[in-house]
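A short worksheet on the structure shown next.
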Amino acid sequence: MFLLNAAVLAAATTALLLGPVTVSTPALLTEAVVLVAGLAALLVANALVLRVGLAPLARLARTMSTIDLLRPGPRLPASGRGEIAELIAAFNSMLDRLEAERAASTGRALSAQEGERRRIAQELHDEIGQTLTAVLLELKDVADRAPAPLRESLHEVQETTRNSLDEIRRIARRLRPGVLEELGLTKALRALTAEFTGPGLTVRHHIGADLPPLSDETELVLYRVAQESLTNTARHARARRAEIRLESMPGAVGLRVRDDGRGTGGAPEGAGIRGMRERALLVNAALDLGPAPGGGTEVRLTIPVPERNTPA
1 MFLLNAAVLA AATTALLLGP VTVSTPALLT EAVVLVAGLA ALLVANALVL RVGLAPLARL
61 ARTMSTIDLL RPGPRLPASG RGEIAELIAA FNSMLDRLEA ERAASTGRAL SAQEGERRRI
121 AQELHDEIGQ TLTAVLLELK DVADRAPAPL RESLHEVQET TRNSLDEIRR IARRLRPGVL
181 EELGLTKALR ALTAEFTGPG LTVRHHIGAD LPPLSDETEL VLYRVAQESL TNTARHARAR
241 RAEIRLESMP GAVGLRVRDD GRGTGGAPEG AGIRGMRERA LLVNAALDLG PAPGGGTEVR
301 LTIPVPERNT PA
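See the structure below:
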(Lines of atoms letter the chains of each structure in order from A; the text may use other names.)
(Lines give C-alpha, C1' and ligand atoms only; values in the text may rest on other atoms or scores of the structure.)
Protein backbone atom coordinates (compact mmCIF):
# COMPACT_ATOMS: atom_id res chain seq x y z
CA MET A 1 0.00 0.00 0.00
CA PHE A 2 2.90 2.35 0.78
CA LEU A 3 4.49 1.62 -2.60
CA LEU A 4 1.22 2.27 -4.41
CA ASN A 5 0.69 5.61 -2.68
CA ALA A 6 4.32 6.55 -3.27
CA ALA A 7 4.07 5.75 -6.99
CA VAL A 8 0.88 7.76 -7.44
CA LEU A 9 2.21 10.77 -5.54
CA ALA A 10 5.50 10.61 -7.40
CA ALA A 11 3.69 10.53 -10.75
CA ALA A 12 1.52 13.48 -9.73
CA THR A 13 4.53 15.48 -8.52
CA THR A 14 6.45 14.75 -11.72
CA ALA A 15 3.47 15.83 -13.82
CA LEU A 16 3.22 19.12 -11.93
CA LEU A 17 6.95 19.86 -12.09
CA LEU A 18 7.84 18.78 -15.60
CA GLY A 19 4.60 18.73 -17.56
CA PRO A 20 2.20 21.39 -18.72
CA VAL A 21 -0.24 20.43 -16.02
CA THR A 22 -1.44 23.43 -14.02
CA VAL A 23 -4.29 24.28 -11.70
CA SER A 24 -5.94 27.63 -12.16
CA THR A 25 -7.24 29.85 -9.41
CA PRO A 26 -10.15 29.41 -9.22
CA ALA A 27 -9.97 25.86 -10.72
CA LEU A 28 -11.61 25.28 -14.06
CA LEU A 29 -14.26 22.60 -14.46
CA THR A 30 -12.00 20.36 -16.54
CA GLU A 31 -9.25 20.70 -13.95
CA ALA A 32 -11.66 19.81 -11.17
CA VAL A 33 -12.83 16.74 -13.09
CA VAL A 34 -9.24 15.61 -13.59
CA LEU A 35 -8.41 16.09 -9.90
CA VAL A 36 -11.56 14.26 -8.73
CA ALA A 37 -10.90 11.41 -11.18
CA GLY A 38 -7.33 11.11 -9.93
CA LEU A 39 -8.46 11.10 -6.30
CA ALA A 40 -11.11 8.45 -7.06
CA ALA A 41 -8.54 6.28 -8.85
CA LEU A 42 -6.20 6.61 -5.84
CA LEU A 43 -8.96 5.64 -3.38
CA VAL A 44 -10.10 2.64 -5.49
CA ALA A 45 -6.52 1.44 -5.83
CA ASN A 46 -6.01 1.77 -2.06
CA ALA A 47 -9.25 -0.13 -1.38
CA LEU A 48 -8.21 -2.97 -3.68
CA VAL A 49 -4.77 -3.18 -2.16
CA LEU A 50 -6.23 -3.22 1.36
CA ARG A 51 -8.76 -5.90 0.42
CA VAL A 52 -6.14 -8.16 -1.13
CA GLY A 53 -3.42 -7.42 1.41
CA LEU A 54 -5.60 -7.89 4.50
CA ALA A 55 -7.49 -10.97 3.25
CA PRO A 56 -5.13 -13.33 5.14
CA LEU A 57 -5.91 -11.41 8.33
CA ALA A 58 -9.64 -11.90 7.74
CA ARG A 59 -9.09 -15.66 7.38
CA LEU A 60 -6.98 -15.62 10.52
CA ALA A 61 -9.73 -13.81 12.43
CA ARG A 62 -12.33 -16.39 11.33
CA THR A 63 -10.05 -19.22 12.39
CA MET A 64 -9.39 -17.62 15.77
CA SER A 65 -13.14 -17.24 16.41
CA THR A 66 -13.93 -20.88 15.59
CA ILE A 67 -10.85 -22.73 16.85
CA ASP A 68 -11.46 -25.70 19.16
CA LEU A 69 -8.49 -27.46 20.72
CA LEU A 70 -10.55 -30.67 20.93
CA ARG A 71 -10.94 -30.65 17.15
CA PRO A 72 -7.53 -30.05 15.57
CA GLY A 73 -7.72 -28.86 12.00
CA PRO A 74 -5.36 -27.84 9.19
CA ARG A 75 -3.20 -24.82 9.72
CA LEU A 76 -3.63 -21.59 7.77
CA PRO A 77 -1.05 -21.12 5.00
CA ALA A 78 1.35 -18.31 5.86
CA SER A 79 0.27 -16.24 2.86
CA GLY A 80 0.65 -12.52 2.49
CA ARG A 81 3.74 -10.40 2.74
CA GLY A 82 5.99 -9.24 5.52
CA GLU A 83 4.39 -8.89 8.92
CA ILE A 84 1.12 -10.60 7.89
CA ALA A 85 2.88 -13.87 6.98
CA GLU A 86 4.91 -13.64 10.18
CA LEU A 87 1.74 -13.12 12.22
CA ILE A 88 0.03 -16.18 10.68
CA ALA A 89 3.15 -18.30 11.20
CA ALA A 90 3.32 -17.18 14.85
CA PHE A 91 -0.37 -18.05 15.32
CA ASN A 92 0.15 -21.53 13.84
CA SER A 93 3.14 -22.07 16.11
CA MET A 94 1.14 -20.93 19.14
CA LEU A 95 -1.70 -23.29 18.16
CA ASP A 96 0.75 -26.21 17.91
CA ARG A 97 2.03 -25.49 21.41
CA LEU A 98 -1.47 -25.12 22.85
CA GLU A 99 -2.64 -28.41 21.33
CA ALA A 100 0.47 -30.21 22.56
CA GLU A 101 0.05 -28.78 26.07
CA ARG A 102 -3.68 -29.62 26.04
CA ALA A 103 -2.95 -33.20 24.99
CA ALA A 104 -0.27 -33.58 27.67
CA SER A 105 -2.44 -32.13 30.45
CA THR A 106 -5.43 -34.20 29.30
CA GLY A 107 -3.26 -37.32 29.34
CA ARG A 108 -2.18 -36.64 32.91
CA ALA A 109 -5.76 -35.92 34.00
CA LEU A 110 -7.16 -39.05 32.36
CA SER A 111 -4.35 -41.16 33.79
CA ALA A 112 -5.16 -39.85 37.26
CA GLN A 113 -8.86 -40.46 36.58
CA GLU A 114 -8.23 -44.08 35.60
CA GLY A 115 -6.15 -44.56 38.73
CA GLU A 116 -8.92 -43.13 40.88
CA ARG A 117 -11.46 -45.35 39.14
CA ARG A 118 -9.35 -48.41 39.85
CA ARG A 119 -9.05 -47.43 43.50
CA ILE A 120 -12.79 -46.85 43.92
CA ALA A 121 -13.64 -50.06 42.08
CA GLN A 122 -11.23 -51.99 44.28
CA GLU A 123 -12.76 -50.53 47.43
CA LEU A 124 -16.27 -51.28 46.20
CA HIS A 125 -15.29 -54.85 45.49
CA ASP A 126 -13.19 -55.49 48.57
CA GLU A 127 -14.99 -53.45 51.20
CA ILE A 128 -18.65 -52.99 50.33
CA GLY A 129 -18.89 -56.15 48.23
CA GLN A 130 -17.45 -58.36 50.95
CA THR A 131 -19.58 -56.66 53.59
CA LEU A 132 -22.77 -57.29 51.62
CA THR A 133 -21.70 -60.87 50.98
CA ALA A 134 -21.30 -61.35 54.73
CA VAL A 135 -24.71 -59.77 55.30
CA LEU A 136 -26.25 -62.23 52.81
CA LEU A 137 -24.74 -65.16 54.66
CA GLU A 138 -25.98 -63.80 57.96
CA LEU A 139 -29.46 -63.29 56.56
CA LYS A 140 -29.52 -66.82 55.19
CA ASP A 141 -28.52 -68.20 58.57
CA VAL A 142 -31.16 -66.10 60.35
CA ALA A 143 -33.83 -67.00 57.79
CA ASP A 144 -33.13 -70.71 58.19
CA ARG A 145 -33.66 -70.44 61.97
CA ALA A 146 -36.48 -67.85 61.93
CA PRO A 147 -40.10 -68.79 62.48
CA ALA A 148 -42.28 -69.13 59.39
CA PRO A 149 -44.03 -65.71 59.67
CA LEU A 150 -40.66 -63.89 59.53
CA ARG A 151 -39.00 -66.11 56.95
CA GLU A 152 -40.73 -64.53 53.97
CA SER A 153 -39.73 -61.01 55.05
CA LEU A 154 -36.12 -62.12 55.53
CA HIS A 155 -36.10 -63.65 52.05
CA GLU A 156 -37.22 -60.30 50.64
CA VAL A 157 -34.40 -58.56 52.49
CA GLN A 158 -31.99 -61.17 51.10
CA GLU A 159 -33.19 -60.48 47.56
CA THR A 160 -32.82 -56.71 48.02
CA THR A 161 -29.31 -57.15 49.40
CA ARG A 162 -28.38 -59.50 46.54
CA ASN A 163 -29.62 -56.96 43.96
CA SER A 164 -27.58 -54.23 45.68
CA LEU A 165 -24.50 -56.46 45.55
CA ASP A 166 -25.03 -57.11 41.83
CA GLU A 167 -25.40 -53.37 41.18
CA ILE A 168 -22.19 -52.61 43.06
CA ARG A 169 -20.37 -55.22 41.01
CA ARG A 170 -21.70 -53.67 37.79
CA ILE A 171 -20.54 -50.23 38.91
CA ALA A 172 -17.12 -51.64 39.77
CA ARG A 173 -16.83 -53.28 36.34
CA ARG A 174 -17.67 -50.00 34.62
CA LEU A 175 -15.16 -48.10 36.72
CA ARG A 176 -12.39 -50.62 36.12
CA PRO A 177 -12.74 -52.87 33.06
CA GLY A 178 -10.87 -55.85 34.48
CA VAL A 179 -11.90 -57.97 31.51
CA LEU A 180 -9.97 -55.57 29.24
CA GLU A 181 -6.78 -56.08 31.22
CA GLU A 182 -7.22 -59.83 31.62
CA LEU A 183 -8.81 -61.01 28.35
CA GLY A 184 -8.18 -58.25 25.83
CA LEU A 185 -10.18 -55.77 23.79
CA THR A 186 -12.27 -58.20 21.74
CA LYS A 187 -13.75 -60.03 24.72
CA ALA A 188 -14.12 -56.77 26.64
CA LEU A 189 -16.27 -55.29 23.85
CA ARG A 190 -18.35 -58.47 23.71
CA ALA A 191 -18.91 -58.28 27.44
CA LEU A 192 -19.82 -54.61 27.07
CA THR A 193 -22.53 -55.40 24.51
CA ALA A 194 -23.93 -58.09 26.80
CA GLU A 195 -23.95 -55.66 29.73
CA PHE A 196 -26.02 -53.06 27.86
CA THR A 197 -28.37 -55.52 26.22
CA GLY A 198 -31.66 -55.58 28.12
CA PRO A 199 -35.42 -55.66 27.71
CA GLY A 200 -35.57 -52.36 25.82
CA LEU A 201 -32.23 -52.35 23.99
CA THR A 202 -30.44 -54.95 21.88
CA VAL A 203 -26.73 -54.37 21.24
CA ARG A 204 -24.83 -56.35 18.63
CA HIS A 205 -21.13 -56.42 17.90
CA HIS A 206 -19.06 -57.00 14.76
CA ILE A 207 -15.35 -57.24 15.51
CA GLY A 208 -12.87 -57.86 12.72
CA ALA A 209 -10.59 -60.87 12.93
CA ASP A 210 -7.57 -59.12 11.41
CA LEU A 211 -7.04 -56.33 13.94
CA PRO A 212 -3.41 -55.19 14.23
CA PRO A 213 -1.59 -55.23 17.57
CA LEU A 214 -2.69 -52.25 19.65
CA SER A 215 -1.10 -50.53 22.61
CA ASP A 216 -2.74 -50.65 26.03
CA GLU A 217 -3.57 -46.94 25.77
CA THR A 218 -5.23 -47.41 22.36
CA GLU A 219 -7.30 -50.34 23.61
CA LEU A 220 -8.41 -48.33 26.64
CA VAL A 221 -9.46 -45.39 24.41
CA LEU A 222 -11.45 -47.73 22.15
CA TYR A 223 -13.16 -49.35 25.12
CA ARG A 224 -14.01 -46.08 26.87
CA VAL A 225 -15.40 -44.47 23.70
CA ALA A 226 -17.58 -47.52 23.05
CA GLN A 227 -18.69 -47.54 26.70
CA GLU A 228 -19.57 -43.84 26.72
CA SER A 229 -21.39 -44.12 23.40
CA LEU A 230 -23.54 -47.01 24.64
CA THR A 231 -24.16 -45.17 27.92
CA ASN A 232 -25.50 -42.17 25.97
CA THR A 233 -27.62 -44.51 23.85
CA ALA A 234 -29.11 -46.24 26.88
CA ARG A 235 -29.80 -42.98 28.75
CA HIS A 236 -30.89 -40.51 26.10
CA ALA A 237 -31.47 -42.05 22.66
CA ARG A 238 -34.63 -44.08 23.30
CA ALA A 239 -33.18 -46.62 20.92
CA ARG A 240 -34.17 -50.24 20.44
CA ARG A 241 -31.07 -51.44 18.62
CA ALA A 242 -27.42 -50.49 18.72
CA GLU A 243 -24.31 -51.83 17.08
CA ILE A 244 -20.59 -51.81 17.80
CA ARG A 245 -18.31 -52.37 14.82
CA LEU A 246 -14.52 -52.56 15.14
CA GLU A 247 -12.50 -53.22 12.02
CA SER A 248 -9.09 -52.79 10.52
CA MET A 249 -8.58 -50.09 7.90
CA PRO A 250 -5.57 -49.12 5.76
CA GLY A 251 -3.17 -47.64 8.29
CA ALA A 252 -5.84 -47.31 10.97
CA VAL A 253 -8.40 -49.01 13.18
CA GLY A 254 -12.01 -47.83 13.01
CA LEU A 255 -14.64 -48.03 15.73
CA ARG A 256 -18.26 -47.28 14.90
CA VAL A 257 -21.13 -47.19 17.39
CA ARG A 258 -24.56 -46.73 15.84
CA ASP A 259 -28.10 -46.70 17.23
CA ASP A 260 -31.61 -46.22 15.85
CA GLY A 261 -32.69 -43.67 18.45
CA ARG A 262 -33.96 -40.11 18.18
CA GLY A 263 -30.54 -38.59 17.40
CA THR A 264 -28.84 -35.63 19.01
CA GLY A 265 -31.34 -33.07 17.71
CA GLY A 266 -28.66 -30.37 17.56
CA ALA A 267 -28.15 -30.46 21.32
CA PRO A 268 -24.83 -29.06 22.58
CA GLU A 269 -22.12 -31.55 23.39
CA GLY A 270 -22.04 -32.62 27.01
CA ALA A 271 -19.22 -33.72 29.27
CA GLY A 272 -19.39 -37.29 28.00
CA ILE A 273 -18.78 -36.38 24.36
CA ARG A 274 -16.05 -33.89 25.25
CA GLY A 275 -14.45 -36.64 27.33
CA MET A 276 -14.45 -38.88 24.25
CA ARG A 277 -12.80 -36.14 22.22
CA GLU A 278 -10.13 -35.69 24.88
CA ARG A 279 -9.41 -39.41 24.86
CA ALA A 280 -9.20 -39.39 21.07
CA LEU A 281 -6.51 -36.69 21.22
CA LEU A 282 -4.32 -38.96 23.35
CA VAL A 283 -3.85 -41.40 20.45
CA ASN A 284 -4.02 -38.83 17.61
CA ALA A 285 -7.43 -40.17 16.61
CA ALA A 286 -10.28 -38.51 14.73
CA LEU A 287 -13.69 -38.59 16.41
CA ASP A 288 -16.83 -37.77 14.45
CA LEU A 289 -20.37 -37.75 15.80
CA GLY A 290 -23.44 -37.24 13.68
CA PRO A 291 -26.68 -38.69 12.35
CA ALA A 292 -26.64 -42.33 11.32
CA PRO A 293 -27.99 -43.49 7.94
CA GLY A 294 -31.67 -44.19 8.42
CA GLY A 295 -31.92 -42.23 11.68
CA GLY A 296 -30.26 -42.34 15.04
CA THR A 297 -26.72 -41.41 16.00
CA GLU A 298 -23.35 -42.71 14.85
CA VAL A 299 -20.02 -42.24 16.61
CA ARG A 300 -16.93 -42.89 14.48
CA LEU A 301 -13.44 -43.15 15.94
CA THR A 302 -10.46 -43.61 13.60
CA ILE A 303 -7.10 -44.34 15.22
CA PRO A 304 -3.95 -44.40 13.07
CA VAL A 305 -1.74 -47.45 13.59
CA PRO A 306 1.61 -48.34 12.05
CA GLU A 307 1.43 -50.48 8.95
CA ARG A 308 2.40 -54.10 9.52
CA ASN A 309 5.29 -55.36 7.47
CA THR A 310 4.34 -58.47 5.53
CA PRO A 311 7.07 -61.09 5.25
CA ALA A 312 8.62 -61.50 1.79
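Under UniProt numbering, the residue at position 296 of the sequence shown is numbered 296, and the numbers go up by one with no gaps. A virtual CB, placed ideally from N, CA and C, is assigned to each residue, including glycine. Being a predicted model, the structure only gives us computed values, none of them experimental.
Nearest candidate by alpha-carbon position, reference Ala89, set Pro56, Pro72, Ala103, Arg108: Pro56
Backbone secondary structure at Ile67 - three-state DSSP: coil
Local Cβ density within 10 Å of Pro147, reported as buried at 16 or more and exposed below that: Pro147 is classed as exposed because its beta carbon has fewer than 16 other beta carbons within 10 Å across all chains shown.
Distance CB(Leu255)-CB(Leu110) smaller than 9 Å: no
Terminal residues of the alpha helix (DSSP H) in which His155 lies: 148–175
Classification of Asp259 by the beta-carbon crowding that lies within 10 angstroms, buried from 16 upward: buried
Ala209 versus Arg240: straight-line alpha-carbon distance, rounded: Taking the Cα positions, Ala209 is about 27 Å away from Arg240.
Three-state secondary structure assigned by DSSP to Gly296: coil
CA nearest to the CA of Leu124, picked from Gln113, Lys140, Leu175, His155: Comparing C-alpha distances from Leu124 to each of Gln113, Lys140, Leu175, His155 shows the shortest one belongs to Leu175.
Own chain, CB closer than 6 Å to Leu289, minus 5 neighbours either side, in chain order: Val299
Ser248 and Pro306 closer than 9 Å at C-beta: no
Inter-stretch contact (C-beta, 8 Å, three-pair minimum) for the region 196–205 and the region 223–238: yes
Rounded C-alpha distance that separates Glu269 from Ser164: 32 Å
Nearest neighbour of Glu114, chosen from Ala78, Gly178, Thr30, Leu287 [CA to CA]: Gly178
Under 9 Å between C-beta atoms of Gly184 and Glu217: no
Assigned exposure category for Thr297 - 16 Cβ within 10 Å defines buried: buried
Local conformation of Gly107 per DSSP, three classes: helix
Segment limits, alpha helix (DSSP H) that includes Val257: Not the alpha helix (DSSP H): Val257 falls in the beta strand (DSSP E), residues 252–259.
Neighbourhood of Thr106 by C-beta, 7 Å cutoff - its chain only, sequence neighbours within 5 removed: Glu278, Leu281, Leu282
Distance between Leu222 and His236 (C-alpha atoms, nearest Å): 21 Å
Cut-off 6 Å between Cβ atoms - residues of its own chain near Arg238, not counting five sequence neighbours on either side: Gly261, Arg262
Cβ pair count under 8 Å reaching 3, the region 115–135 against the region 150–166: yes
Whole-angstrom distance between Ala234 and Ala116, CA atom to CA atom: Checking the sequence shown, residue 116 turns out to be Glu, not Ala. C-alpha of Glu116 to C-alpha of Ala234: approximately 25 Å in a straight line.
Collapsed DSSP secondary structure at Ser248 in the structure displayed: Annotated three-state conformation of Ser248 is strand, per DSSP.
Cβ shell of Leu154 (< 7 Å), same chain only, five flanking positions each side left out: Leu139, Val142, Ala143, Ala146
Gly275 versus Thr30, Val33, Ala226, Leu39, residue with shortest Cα-Cα distance: Ala226
Distance between Thr264 and Leu39 (C-alpha atoms, nearest Å): 57 Å
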